[in-house]
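A.B. asks: The structure's right below; bear with me while I get my questions together.
Here it is in structure tokens:
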């Protein structure tokens, strides 16, 4: 029998307990042994929970219990969770975690600490979608050329509704909060940070690259309006918040931002709260992984799959996909050197000569315009909607600074990259 202790028995932890009970027979058959949750740790013991396990508010009761074989960390956060997981490993216990923030900052330290102990984390990226094992096992014969994914259901829900119903960012954010898709402080989701943590985990498996969130390009969806949605539709695009990893030579681009993506791409058709991740391997071509990226049962499904793997073998796979580092290694591409096509929305005073001055600034920064539209706005102003040919990030950013200084430009231009 495998005995499990859960640190953080919230929505996901409760689902883990219930699924192991409800599906006990098939799980035992697949694992080759019975899996049982012995105990769990919660913050508030006074809160009523209909669970048939021992509950405590002290993590030591799980970490120091010699009967516990696997510690499931579902407490969230970074440093406190890191200390808990380190102690579990030092006590010789296998670990399963769903904590993407923990792994975004400490995955390489944890790999070293784990050694031959099993350390699994399928639920940390895209909920119930088995993307970790797909990358680490199913595609292990391939050089991964790119990863591109919708990794945050909150943003995808909001952008889908904005496109389908013509609602504003502010109103759809309020609805998402009322439905429980967004937190009262939604910055972690809508600012792109949640997706960035997940992208860093996938990039480590695909490329063996150690980068922290502060080192990569992270932008959110807060500035998107119906003008941007309208432009996207007119030119055959959808707007999605994408996490992108791309190998170019011996460098890897890592970026999270709102993107204009061709409406015929498979990833563009993924709507609502669902997640979808496209992976391109040099031998297999493109594969697409789709499903529920969050929720108690979906995430718990991935947690239990990891426990079953541990029960079967008792040993760890290479945690981040490599028994040894790649020769030569890959380095992170500098943000300012990233190349893309770009879309800009520039609100200007509606008067003669404005367009000429704007296009001159584009030319002075070596940026070629592909399309340009003018849409009337309020208060005698207009929105210029412009897309470019491929340009370099630093040139675009310098150009935006130059445009901001013009006396007829009413606000900071909004820029969205075109994938």
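Residue numbers (this note's numbering): 702 to 1120. Quick reminder that beta carbons are idealized off the backbone N, C-alpha and C, glycines included. Just so we're clear, the structure is a prediction, and the values are computed from it rather than from any experiment.
(1) State the CB to CB distance for the pair residue 977 and residue 851, rounded to an integer number of angstroms; the pair is presumed to be in contact (CB under 8 Å).
(2) Hey, quick one: how far does the beta strand (DSSP E) through residue 816 stretch, first residue to last?
(3) Indicate the three-state DSSP secondary structure (helix, strand or coil) for residue 776 in the structure shown.
(4) Is residue 754 helix, strand or coil by DSSP?
(5) From residue 1087 to residue 872, what does the alpha carbon distance come to, in whole angstroms?
(6) Here's a check: name, in chain order, each residue in its chain whose Cβ is nearer than 6 Å to the Cβ of residue 898, leaving out the five neighbours to either side.
(7) Nearest CA to the CA of residue 927: which residue from 874, 906, 866 and 942?
(8) Just to confirm my understanding: we take residue 750, look at its own chain, exclude 5 residues before and 5 after, and list those with CB closer than 8 Å. What are they?
(9) Terminal residues of the continuous beta strand (DSSP E) containing residue 847?
(10) Of all the alpha helix (DSSP H) runs that stay within the bounds of the stretch 1045-1075, which reach a length of 4 or more residues?
(11) Could you check whether residue 1107 and residue 980 sit closer than 9 Å to each other, using their CB atoms as the reference points?
(12) In angstroms, rounded to a whole number, what distance separates the CA positions of residue 878 and residue 855?
(13) Looking only at C-alpha atoms, which of 973, 993, 946 and 933 sits nearest to residue 965?
(14) Between which two residues does the beta strand (DSSP E) harbouring residue 947 extend?
(15) Excluding the 5 residues flanking residue 789 on each side, which residues of the same chain have their C-beta closer than 6 Å to its C-beta?
(16) Between 847, 748 and 903, which has its C-alpha nearest residue 830's C-alpha?
(17) Locate the beta strand (DSSP E) running through residue 963, then write down its first and last residues.
(18) Considering only the alpha carbon of each residue, which of 908, 909 and 915 lies closest to residue 895?
(19) Taking the CB atoms as reference points, tell me whether residue 1021 and residue 957 lie closer together than 9 Å.
(20) Are the stretch 998-1015 and the stretch 731-739 in contact at 8 Å, needing three or more beta carbon pairs?
(21) Only counting the same chain, and skipping five residues up and downstream in sequence, which positions put a Cβ closer than 7 Å to that of residue 910?
(22) Would residue 824 be called buried (16 or more neighbouring beta carbons within 10 Å of its own) or exposed?
(23) Taking Cβ to Cβ, would you say residue 922 is nearer than 9 Å to residue 880?
(24) Could you tell me whether the Cβ atoms of residue 943 and residue 925 are closer together than 9 Å?
(25) Relative to the alpha-carbon of residue 986, which residue among 838, 970, 820 and 847 has its alpha-carbon at the smallest distance?
(26) Is the beta carbon of residue 1117 sitting closer than 9 Å to the one on residue 890?
(27) Helix, strand or coil for residue 863 per DSSP?
C.D. replies: Once the coordinates are examined:
(1) 5 Å
(2) Counting along the chain, residue 816 falls outside any beta strand (DSSP E), and DSSP gives it neither H nor E.
(3) coil
(4) coil
(5) 26 Å
(6) If we look at residue 898 and ignore the five residues flanking it on each side, its Cβ neighbours are 801, 802 and 805.
(7) The candidate whose alpha carbon is nearest that of residue 927 is 866.
(8) 710, 715, 743 and 756
(9) 845-851
(10) 1055-1065
(11) no
(12) It is roughly 9 Å from the alpha-carbon of residue 878 to the alpha-carbon of residue 855.
(13) 933
(14) 938-949 is the span of the beta strand (DSSP E), which, as asked, contains residue 947.
(15) 764, 772 and 796
(16) 903
(17) 952-963
(18) Among 908, 909 and 915, the Cα nearest to that of residue 895 belongs to 915.
(19) no
(20) yes
(21) Here the set comprises 904, 953, 1031 and 1033.
(22) Label assigned to residue 824: buried.
(23) Contact: no.
(24) no
(25) 847
(26) Contact: no.
(27) helix
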